[in-house]
Amino acid sequence: MKLTTSKELDPIERRMQRGRRVARVVTCIVLLAVGVTALLKPDLFSAQLSMPSEQERAEAKKQRQKKQSQKPRRRLSKLDVERLAKLREERARKQMMEMLRRLEQRIVLAEKEEAAVTARFRKDPALFDSLLPLLVEHSDKVYGAIRKSRMQAYGEKTSVLHQKLKQLEPVAREVQIVWQFARRYQSHATEDAFKPLAAAVDRLTRVLAESDYTELLGQQALRYGLSIQSNVDAIRNQDRDMAVRGFAQPEDHPLSASQRAQFDRTIRPMTMAELHQLSQLMAEHYKNLMGDVAAGELADAAEIPFPVALDKLAHEPYAKDDMQEELQQEMPENVDQLDQFTEALTEAQMSAARALMESGGEMPGQGEGEQADGGEGQGGDKSGDAKFGDGPFGSGGGNGTENSNQQGDPSGPGQRSREAVWRSLALRSDLAASQDRSRQITVNKKKVLANVLPGRRFSSQSERKGYLFIDTWHIIGPWDAQATRGRQIDFSKIYPLEKKVDLDAIYTTGKRHFLYDDERGYAGKDERSGRLRWQFYQSPTVEVRIPREQLSNDALYFAYTEVYFEQETTMNLAIASDDAARIRVNGKIVFEDAGLSPYEISEQVRVVKFKRGVNKILVRLVNGPGPCRFSLLLIPKT
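For what it's worth, full-length UniProt numbering labels the leading residue of the sequence shown as 1, then goes sequentially.
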């Protein structure tokens, strides 16, 4: 058979061939159109292909958020919103009242403990004579503050300071009267000898309380003046109650005796704002009571008079949260207001919970009859009966109150040694800046800088021993903070960052003009955008310095890090800041310095208990003029 072939294409092949021709024609037309367009409008394609700037992206994001916010949210009637708000408020009030009941139980026990301590020292035959060194020391301190202000005024050579300098002269004379009397004081001094002294002290305290002098000399001088007045009155009237009066008295409780007798009936009609304020005042009273108890323990361990122990004790007032404005808002009318209302209720509950936990109490809802904190106890407290353990801080130490340096070693015996008491209590106090430091924890700066190593993970098998510093941080800022030397920084306002740390969040700041002056040679003025993000920073030295691109005078910063411990560990933590700082470890305040002080590597030493696993550390740092830095140094046990 003979095969023949045909040159005619198959119908399918013909259709494919026509399609290819059409595609080529269309491609040519498109290319021709693009070429003509490029000739006529050469900037068109480059503008379309360029990436948007950061500012343009931010603006586009704002527009998207604006459109999303305009979308209809959950549809609730005004009546439904009001019902939900009342329901949530009632739940929060019940929780708050239960926490207040437990806090009141802790206060009753603390008052009994404090009364027993002061009653014992009230019988001291040398009680009034022990006030003599305090009169001398505090009058010296006031006179020293005046001399320092004089020198500063002479250096400034301005008319305003010169006028204030003249006004300081009578104050200096009043101090000299107190000082000279204290030097020659005898316990049998007559009433006639006390009259001119008491009058001079009254004039002194009135002058120191005036705003101009408080600004010039600082709050510390006023504290010294009030201490002098109290001690002079105690000696003059032979008042033993006043001589042993410490940080608190039972009458300092925010409620009267009759109100406390019917505690539930008293707090039941209170609003949420009133309940929260009461929780803060009660927590402050409890901490002051335990400060007196700690002073008695210090007096016994150091073999010093009780008034001297009160003066030397590193006692700081309770850091109260002010939420009156947030909690006094009107009943919400829409969903947005309801969310804000609920958030305020939650924050108030968290604040009251902190007050309860720092008093050693247990939160409502936790297992009754179980020992708090994994069987180690806080302040000797056991849930269910709120009973003290062996001694004022419980068997085996336990957790002390905020900033009190009273955190004991949970693995140690119930009775702490005198050396341990000195180490935990006899640190720097508000009144006695000069004290016997021979028994305190000291840090040799040269030795530290020669041997210190960075670290964030700690275990018993770690090769790194000795001094360790935390080098890795996330830092955000600056926000505006009006920091003036001679004035105390107000830490009462709690920022959202102190409640929840979100390293991915973006914040805004009104501080766009950065004026800075740093000893590293950084000086000048920059203008930045108003957007802030967390910046990773790894410090090469013990001192964690605010990076150049974030540095500013009169600024607020936050620094956050996490450290890991293989086992629950109690360590000495040397803390330093330039200028003011508040430091939290796992939410608890372990350090607070409200003054604009220079950097000193061992400014304060705290005994801090780190839990097993991850521990969160948050630093709130306020910078005045000049450099801004801080450090956290872990000191080995000796």
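C-beta: ideal position from N, C-alpha, C; glycine also.
- In the three-state scheme derived from DSSP, where H, G and I count as helix and E and B as strand, His253 is classed as coil.
- Restricting attention to Leu634, Tyr286, Gln604, the CA atom closest to the CA of Phe610 is found in Leu634.
- The residue from Ile494, Ala344, Asn586 with its alpha-carbon nearest to that of Ala85 is Ala344.
- In the DSSP annotation of this structure, the continuous segment of the beta strand (DSSP E) that includes Ile575 starts and ends at 569-578.
- Approximately 14 Å separates the beta-carbon atoms of Phe491 and Arg354; this is outside 8 Å, ruling out the contact.
- By alpha-carbon distance to Ala295, the top candidate from Arg203, Arg88, Ala248 is Ala248.
- Within the same chain, and ignoring the five residues on either side of Leu497 in sequence, the residues whose Cβ sits closer than 7 Å to its Cβ are Phe558.
- Per DSSP, the unbroken beta strand (DSSP E) holding Arg629 starts and ends at 629-635.
- Cβ-Cβ separation between Trp534 and Leu503: approximately 5 Å, consistent with a contact (criterion under 8 Å).
- Burial is judged here by how many other beta carbons sit within 10 angstroms of a residue's own beta carbon; Asp339 has fewer than 16 and is exposed.
- Counted as a single uninterrupted DSSP element, the stretch harbouring Ala505 is not any alpha helix (DSSP H), since DSSP gives it neither H nor E.
- Following the DSSP letters along the chain, one finds Asn288 inside the alpha helix (DSSP H) bounded by residues 272-302.
- Counting every other CB atom within 10 Å of its CB across the protein chains shown gives Val622 a total of 16 or more, marking it as buried.
- In this structure, Asn288 lies away from Leu131, with their beta-carbon atoms at least 7 Å apart.
- DSSP places Leu532 outside any alpha helix (DSSP H); the residue lies instead in the beta strand (DSSP E), whose first and last residues are 531-533.
- In the structure shown, Asn334 falls within a coil segment according to DSSP collapsed to helix, strand and coil.
- In the three-state scheme derived from DSSP, where H, G and I count as helix and E and B as strand, Gln238 is classed as coil.
- Here Leu356 is actually not in contact with Arg548; their C-beta atoms are around 43 Å apart, not less than 8 Å.
- Note: Val563 is bridge-paired with Asn615 in the DSSP secondary-structure output.
- The alpha-carbon of Gly360 is positioned some 8 Å away from that of Arg106.
- Taking all protein chains shown into account, Pro307 has 16 or more neighbouring C-beta atoms within 10 Å of its C-beta and is therefore buried.
- Annotation: Gly225 to Tyr286 spans about 25 Å, alpha carbon to alpha carbon.
- When rounded, the separation of the alpha-carbon atoms in Ser552 and Lys493 is 21 Å.
- Cβ contact annotation for Cys628 (same chain, cutoff 6 Å, sequence separation greater than five): Ile546, in chain order.
- Residue pairing by DSSP places Ile228 opposite no residue, since no beta bridge is assigned to it.
- Note on Asp593: 16 or more other CB atoms within 10 angstroms of its CB, so buried under the neighbour-count rule.
- Bounds of the alpha helix (DSSP H) holding Asp311 are 306-312.
- Distance from the CA atom of Pro254 to the CA atom of Asp264, rounded to whole angstroms, is 15 Å.
- 7 Å or more divides the Cβ of Val244 from the Cβ of Glu114.
- DSSP places Phe263 inside the alpha helix (DSSP H), whose first and last residues are 263-267.
- According to the DSSP secondary-structure assignment, Leu556 is paired through a beta bridge with Trp479, Val622.
- Annotation: the continuous alpha helix (DSSP H) that includes Asp80 extends over 78-122.
- Residue pairing by DSSP puts Arg606 in a beta bridge opposite Leu573.
- At a Cβ-Cβ threshold of 7 Å, Val563 and Ser631 do not count as neighbours.
- For Lys499, the enclosing alpha helix (DSSP H) stretches over residues 496-499.
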